[in-house]
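The sequence shown begins at 0 in numbering that gives the first Met the number 0 and counts up by one.
Don't be surprised by glycine CBs; every beta carbon is placed ideally from N, CA and C.
Encoded as structure tokens, the structure appears first; notes follow it.
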Amino acid sequence: MDDSLRAGIAIYNAGEFHAAHDAWEDEWLELEPGSDDERLLHGLIQFTAAVHHATRENWEGMAGLVASAREYLTALPADYRRVNVGEVRAYLAKLETSPRSIDLDAPLVVTYDGEPCQLHHLDFPAAAIAARILADELGYDDDIVAQAVAYASEAIEKNETNQFITLVMDFAANETNRPLVFERLSQHVAQRNAKVRDVEGLFD
């Protein structure tokens, strides 16, 4: 769960509020309803959705989400799962009482283990989750990113390194150069796919 948790937080902190929930949703659906972990993910999903609506000044869409997010998070410790849950609750309370007073250009930074969790902080497992979500959210070919993640994971399982590991992590973290990184990633995927086809053809 920690990989998905950190990936979603980093995506949220990067300003992709709508996409953040995709890192948590599959994990959340598998958890026992009412468990602390389920309440955390459910609350964070609703929190990021509320921020998404608030930054678009959709106050009506925000209102119900703020109330339900607070309800899910209310009984959790302030630092549950090393997340600043207490600060999230306080931010939600401000959104509920005076949403127009919040600086919508600088929403609350969610921290993990006391530090702001950013995309460039992620290790490969969390970065791979973030890369696939961002590809889908931002209109990149997510099949190419999925193939790159698979090739990178294959190397890691063999205790090897390859260019796919670096490229996947760069795609997730490097917003400025993401289009260029994706172009390189696409080229490497095409080359690897061609090699795989060549090997398969030898035994036909």
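Per-residue burial, residue i [other beta carbons within 10 Å of its own, 16 or more giving buried]
i: G42; result: buried
i: S97; result: exposed
i: G63; result: exposed
i: R38; result: buried
i: N83; result: buried
i: A126; result: buried
i: Q216; result: Only positions 0 to 203 of the chain appear in the structure, and residue 216 is not among them; the question remains open.
i: N179; result: The sequence shown places Leu at residue 179, not Asn. That one is exposed.
i: G33; result: exposed
i: L75; result: buried
i: A251; result: As displayed, the chain neither begins before 0 nor continues past 203, which places residue 251 out of reach and without an answer.
i: A189; result: exposed
i: L28; result: exposed
i: H206; result: Examination of residue 206 is not possible in this model, given that the chain is present from 0 through 203 alone.
i: H20; result: buried
i: G7; result: buried
i: A105; result: exposed
8 Å contact criterion, which residue i and residue j should meet: CB distance rounded
i: F170; j: A151; result: Contact flag wrong, Cβ pair sits at about 11 Å.
i: F16; j: T73; result: No, F16 and T73 are not in contact; Cβ-Cβ is about 22 Å, not under 8 Å.
i: I44; j: E24; result: 7 Å
i: N12; j: V109; result: 6 Å
i: R88; j: R69; result: 6 Å
i: L94; j: A48; result: Contact flag wrong, Cβ pair sits at about 12 Å.
i: I128; j: D2; result: 6 Å
i: L133; j: A18; result: 7 Å
i: L184; j: I143; result: 7 Å
i: R5; j: Y111; result: 6 Å
DSSP-derived helix/strand/coil call for residue i
i: P76; result: coil
i: V87; result: helix
i: P32; result: coil
i: V188; result: helix
i: E24; result: helix
i: T204; result: The requested residue 204 is not part of the displayed model; the chain covers only 0 to 203.
i: E204; result: In the structure as shown, the chain starts at 0 and stops at 203, and residue 204 therefore has no counterpart that could be examined.
i: V82; result: strand
i: A105; result: coil
i: E59; result: helix
i: E159; result: coil
i: E70; result: helix
i: E182; result: helix
i: E37; result: helix
Continuous alpha helix (DSSP H) stretch holding residue i: start and end
i: P124; result: F123 to L137
i: A172; result: Q162 to A172
i: N12; result: D1 to N12
i: S100; result: Here S100 belongs to no alpha helix (DSSP H), and DSSP marks it neither H nor E.
i: E153; result: D141 to E156
Residue-level contact to chain B via CB, residue i, 9 Å cutoff
i: P98; result: Looking for chain B here will not work: only one protein chain is present.
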